[in-house]
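Enquirer: The structure under discussion is supplied below as structure tokens; questions concerning it will follow.
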Amino acid sequence: MNQRGFHQPNGAWVGDVIPWQENGTFHLLYLHESRQVPKVGMPWHRVTSDNLVDFHDAGESLASGGPTAADFNVYTGSVVLDADGTHHVFYTGQNPGRRGADGQPLQVVMHATSSDGMQTWDRHEADTFGATSGYETADWRDPFVFWDEKATVWRMLITARHANGPERRRGVIAQCVSTDLTSWEPVEPFWDPRRYVAHECPEVFQWGEWWYLVYSEFSESFTTRYRMSRSLHGPWIAPEHDSLDGRAYYAAKSAARDARRFFFGWIASREGAHDAGAWQWAGTMSVLEAEQRNDGTLVFHPTAELRRTFEGPTDAIPFGTILDAPDGYAHALSSSDAPSSFRLVVRFDIAPGTTECGVLLRATADGDESYVLRLEPKRNRLVFDRWPRSLTGTEQWQISGDVPFAIELERPCRLAPGPHELEVIVDGDLCIATVDDAVVLSTRLYDRPSGRVGVFVGEGSIAVEKLSLFSRSAEHTSTESPSLDLLAASSTT
0 MNQRGFHQPN GAWVGDVIPW QENGTFHLLY LHESRQVPKV GMPWHRVTSD NLVDFHDAGE
60 SLASGGPTAA DFNVYTGSVV LDADGTHHVF YTGQNPGRRG ADGQPLQVVM HATSSDGMQT
120 WDRHEADTFG ATSGYETADW RDPFVFWDEK ATVWRMLITA RHANGPERRR GVIAQCVSTD
180 LTSWEPVEPF WDPRRYVAHE CPEVFQWGEW WYLVYSEFSE SFTTRYRMSR SLHGPWIAPE
240 HDSLDGRAYY AAKSAARDAR RFFFGWIASR EGAHDAGAWQ WAGTMSVLEA EQRNDGTLVF
300 HPTAELRRTF EGPTDAIPFG TILDAPDGYA HALSSSDAPS SFRLVVRFDI APGTTECGVL
360 LRATADGDES YVLRLEPKRN RLVFDRWPRS LTGTEQWQIS GDVPFAIELE RPCRLAPGPH
420 ELEVIVDGDL CIATVDDAVV LSTRLYDRPS GRVGVFVGEG SIAVEKLSLF SRSAEHTSTE
480 SPSLDLLAAS STT
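For the sequence shown, numbering that gives the first Met the number 0 begins at 0 and goes up steadily by one.
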């Protein structure tokens, strides 16, 4: 993976990103996960980017405080700039050897400042504070600070949990206010839905007439969500489609530039670098752009900057190719393997009543084994699948054929009959799929490093109006254009 448009440090992984945009440059501080055993303490590192494609590694930014410090682990926080031009970071300090009054591992909010453009930081340990009355001491993290111009105060949102109540519904976004960025006074909770274990990495921002609250949760789902309101003080509305991506994309926070808003999260790695491995904490940084609809709801897609890193296109299937299988299955495959990094754009015209259609990735020559991005119009969703699936033994009933797709990689989308576009960006083991420039699904592709691309339909009919393959210029190995072989007898052109 050449990482154009993505970032992962050598020998380490990107955790929660703390984005800050200033003078056109994105400063992306992040939790640097080395996965060393024994633990060495979590620092922040920093990368910068002017174009959202090339990321320049500035190395360690905020170091671990050391084995005995409250901030042995420097966890998530936020950046603000005061009127004097000093940068402030508020962050989570955690040391597994320290316990709160309730006996739980202690988390505290800590403060540091920089007067040299975030090159170095001075810690202000006297400003440290832990959970206030009524909250658990183990969940007091991810401070997000912003200036409330109307009330003329700084507000700090904090991931917290009530000390009492049902165990998995104590999550609350606590709130403190300050006039000097030093002394903080607890006030009423910012958001208290009594719905989740916790609301990690909260942020709030205004876009036009709407306010947006973004957070990540790991209760019913492991995902980043958003809420919207006409007022900073709510009530907060849950839109029909309230998540940014699926299970693999987490802890996304945003920064704006030139009236555009970008979300910086991480695509999780899997244990053992295998498709069946458990999802791990941290991975590769990935950027999504948000668009605001007229009703205030948000849609998400890869950035135009990332798309432009792919050249071409190759029109790999004749315009108007029809796959027709009213009670069966039909597919069409490229005649050669796709490169390791590519962008695929497919436009389908889906006939009424069609059960499924979609894209095959890294498929065998007969299309029987592949990764599958499947649109299911009857269920209005995109799912990720693969074949063969996991095996728990050698017998037929020990093949996971009754698991219809990767359950955690299901994305709702409206799929009425008619034209729909599915875009897929693959870069090494990363895969980002987007439906109609609005719904994103990110994942990993480990076990099948190569293969063909194609399209398919099951129990229905589609007209493939476009199938264009874009390649990275450094990976062009031939001037010949790959073509698709129509392998199903029911297919016509």
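Glycine residues also receive a C-beta, built at the ideal position from the N, C-alpha and C atoms.
Taking all protein chains shown into account, decide if Ser449 is buried (16 or more other Cβ within 10 angstroms of its Cβ) or exposed.
Expert: exposed
Enquirer: For the alpha helix (DSSP H) holding Pro305, just list the boundary residues, first then last.
Expert: Before going on, a small fix: residue 305 reads as Leu here, not Pro. Start and end: 303 to 306.
Enquirer: Have a look at Tyr29, Ser218, Tyr248, Ala437 and flag the residue whose alpha-carbon is nearest the alpha-carbon of Val73.
Expert: Tyr29
Enquirer: Residue range of the beta strand (DSSP E) that Asn94 falls in?
Expert: First-last of the beta strand (DSSP E) with Asn94: 86 to 98.
Enquirer: Identify, in the order they occur along the chain, each residue of the same chain with its Cβ nearer than 7 Å to the Cβ of Leu180, setting aside the five sequence neighbours on each side.
Expert: Asp81, His87, Trp153
Enquirer: Taking buried to mean at least 16 other C-beta atoms within 10 Å of its own C-beta, is Cys147 buried or exposed?
Expert: The displayed chain sequence assigns Asp, not Cys, to residue 147. Exposed, because fewer than 16 other Cβ atoms sit within 10 Å of the Cβ of Asp147.
Enquirer: Tell me the DSSP bridge mates of Lys252?
Expert: Phe263
Enquirer: Unbroken beta strand (DSSP E) runs of length 3 or more, entirely within the segment 334 to 398: which are they?
Expert: 340 to 349, 355 to 362, 369 to 375, 380 to 386
Enquirer: Leaving out five residues before and five after Glu464 in sequence, what residues of the same chain have Cβ atoms less than 8 Å from its Cβ?
Expert: Phe318, Gly319, Arg346, Phe347, Asp348, Pro418
Enquirer: To the nearest angstrom, report how far apart Ala568 and Asp384 are at their CA atoms.
Expert: For residue 568 there is no data in the structure shown, the boundaries of the chain being 0 and 492.
Enquirer: Go to Leu440, then tell me how far its beta strand (DSSP E) extends in each direction, as first and last residue.
Expert: 438 to 443
Enquirer: Could you give the residue range of the beta strand (DSSP E) that holds Lys149?
Expert: First-last for Lys149: undefined, no H or E at that position.
Enquirer: Please list the terminal residues of the continuous beta strand (DSSP E) segment that includes Met109.
Expert: 104 to 113
Enquirer: Are the CB atoms of Arg260 and Ala289 nearer to each other than 8 Å?
Expert: It is a contact, given that the beta carbons lie within the stated cut-off.
Enquirer: Look at Ser335 and Asp426 and say whether their C-beta atoms are less than 8 Å apart.
Expert: no
Enquirer: Measure the C-alpha to C-alpha separation of Pro234 and Asp365 and round it to an integer number of angstroms.
Expert: Straight-line Cα distance between these residues: approximately 54 Å.
Enquirer: What is the C-beta distance between Met111 and Leu61, in whole angstroms, given that I count them as a contact (C-beta under 8 Å)?
Expert: For clarity, residue 111 is Ala in the given sequence; the question names Met instead. Sure, about 6 Å apart at Cβ, within 8 Å.
Enquirer: What do you reckon, are the CB atoms on Asp70 and Gly92 nearer than 8 Å?
Expert: yes
Enquirer: I'd like to know whether the C-beta atoms of Val456 and Met284 end up nearer to each other than 8 Å.
Expert: no
Enquirer: For the putative contact between Arg447 and Arg361, defined by C-beta atoms under 8 Å, what is the C-beta separation to the nearest angstrom?
Expert: 4 Å
Enquirer: Please name the residue, chosen from Val344, Trp209, Ser369, Glu375, that lies closest to Cys356 on a Cα-to-Cα basis.
Expert: It is Glu375.
Enquirer: Counting beta carbon pairs with one atom in the segment 211 to 228 and one in the segment 244 to 253, are three or more of them shorter than 8 Å?
Expert: yes
Enquirer: I need the straight-line Cα distance from Ala258 to Thr178, nearest angstrom please.
Expert: 28 Å
Enquirer: Which residue's Cα is closest to the Cα of Pro165: Asp53, Gln395, Tyr195, Pro188?
Expert: Tyr195
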